[in-house]
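Heads up: the structure comes next, in structure tokens.
In my numbering, the protein residues as written are 35 to 653.
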């Protein structure tokens, strides 16, 4: 098979499996936001992803389905399959045997993290497709040294940045390769200037963001009124403080988690071939090694220093994983060639099929989202809890983006107004009020919440913080909290939550899905506690922690409830679990300090408060 036919076969096979396991509707995290931005040609969260917005919208127009989320999920699967096809083609072009190149591409296609992103609305499939194209064109440009190859490489590098900022992490390797292999070629000033202009030309697609910002009915993250705002959006300034913010212990912990992740991405029997392939690439294909090794090093340098919820960190290693998949292909090919010295390896095809089968079997159950309606049902259950003409204040991403999708795209509950306490496209602030200092924005949002409370419209919250009005408090109402005058908050005496969505078992092993399911149990505990059933409430809180055992937020919230009810040993257990999940958050340490103080362990309390204070002072 040629490189093109091998790549096409890999794409078709990957896409077929992705369609079998495709999520039928909106998913958790940023899925709802991205779908809303694509279908309405909006401007999603930094860095904006204009290439996905435009290409996804085109695909949705072509597809014959009347299921908005499903169409964008298909677009994500299409680009992911294309990335796998590109991987097979690249390996074949570098001399890897066709069956081995196909196998390596499918092993990556069915790796745990990449598969999880391929079957929901996400940008990583498209981003990695551009990564493969840039690597392939960099190799071609360094070998042939045709001016048009260098110009096309520059254009692809610029275009890649509009898919995902991870593209910049492969640039050092590209520059090193070009300087090393064709120093005379790139000394041509005119050609270098043209190549830089080609990069700018590819990147010019970002003009979409200021042109579409605030227009139409699509999702818009925040205003982009000027060049500074545009640069902050494109550069991901919002997340900048989380990068290079960990001490050495945090980096080492992330490194350990990355190594464990790599062990689980492919079958354990195949892991030695990853590193053997790196050695073989160094010996036989130095150009490919420079590009992939440089990308892996840059990816780890950035991601190991990134402070984020551990459950959300694996996707930030996808660049290193696709490069390791290339090493896997090179190593697998070398093994087959060595075996061929003892005669034609007639077992090549069965061996390749077995390798793919092992990874497919390992990851199918947890990657299959074909029956995953958890997020949509969660949003529908929340909306069902709201009376007519209600206002809902969300917080963060999970529920907010699901609800925004149901309201904006599915047109459910037009009587309900949705806002996000931290903005994110659903702000209580007017468009021109985002220029205010953060402290002033916070005060203004609180004032607006108070005005909504006094307006007479029912006001609900997903996360209760400080009430915006004196004498008002939060009462559990199903999956939400209602803000009311304290005097009108009688105990209901019954649990008001439909628990069917929380009872779904055996289908999903995804941490974000389990966190949603745990919310049902936590709110059942809140309802039971208010009704006076403390025993039932404690059991419900324990169930919430059991379901979302790896969620720092859930474990902390459960610990806080146990602390309020003087269950100090249980509170300690869950607070310590929150610390183990993420040792660089201050709140669990502060809660542990309060627990120790109640226990009379004043010295320990002081040390814990000191630790919490140090973490709050860190950027």
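Ideal Cβ placement from N, Cα and C applies to all residues, glycine included.
- Within the DSSP secondary-structure output, residue 518 pairs in a beta bridge with 507.
- Less than 8 Å divides the Cβ of residue 495 from the Cβ of residue 427.
- Judged by their CB atoms, residue 593 and residue 574 are not nearer to each other than the 8 Å cut-off.
- Apart from sequence neighbours up to five positions away, the residues of its chain that approach residue 422 with a beta-carbon distance below 6 Å are 449, ordered along the chain.
- For the stretch 198-253, the continuous alpha helix (DSSP H) assignments of 4+ residues that do not extend past its boundaries occur at 205-215, 217-220, 223-237 and 242-246, in sequence order.
- Residue state for residue 345 is assigned as helix, using DSSP reduced to three classes.
- If you look at residue 304, you'll find it isn't in any beta strand (DSSP E); DSSP assigns it neither H nor E.
- Ranked by how close their Cα comes to the Cα of residue 106, the residues 159, 278 and 397 have 159 in first place.
- Here residue 48 has 115, 118 and 143 as same chain residues with Cβ atoms under 6 Å from its own Cβ, once five neighbours each way along the sequence are excluded.
- Non-local C-beta neighbours of residue 215 in its own chain, meaning closer than 6 Å and more than five positions away in sequence, comprise 176, ordered along the chain.
- A Cβ-Cβ distance of about 6 Å is found for the pair residue 68 and residue 78, placing them in contact under the 8 Å criterion.
- For residue 451, the enclosing beta strand (DSSP E) stretches over residues 451-454.
- Exclusion of the five residues before and after residue 61 leaves 154 and 409 as the residues of its chain whose Cβ lies within less than 6 Å of its Cβ.
- For residue 417, the enclosing alpha helix (DSSP H) covers residues 408-418.
- CA-CA distance, residue 152 to residue 534, rounds to 27 Å.
- Comparing alpha-carbon positions, the option among 341, 577, 346 and 252 lying closest to residue 70 turns out to be 252.
- Rounded to the nearest whole angstrom, the CA to CA distance from residue 486 to residue 515 is 15 Å.
- Of the candidates 412, 305 and 570, 305 places its Cα closest to the Cα of residue 392.
- If you ignore the 5 residues before and after residue 323, its C-beta comes within less than 6 Å of the C-beta of 315 and 316, all in its own chain and listed in chain order.
- Straight across, the Cα-Cα distance linking residue 54 with residue 339 is about 36 Å.
- About 6 Å separates the CB atoms of residue 75 and residue 250; that is less than 8 Å, so the two are in contact.
- The three-state reading of DSSP puts residue 340 in strand, counting E and B together.
- The alpha-carbon of residue 600 is positioned some 49 Å away from that of residue 248.
- By DSSP's assignment, residue 426 forms a beta bridge with 452 and 494.
- Contact between residue 72 and residue 94 holds: CB atoms are separated by about 7 Å, below the 8 Å threshold.
- According to DSSP, residue 77 shares a beta bridge with 254.
- The beta-carbon distance between residue 227 and residue 191, rounded to whole angstroms, is 15 Å. This is too long to meet the 8 Å contact definition.
- Comparing alpha carbon positions, the residue from 131, 342, 366 and 334 closest to residue 351 is 334.
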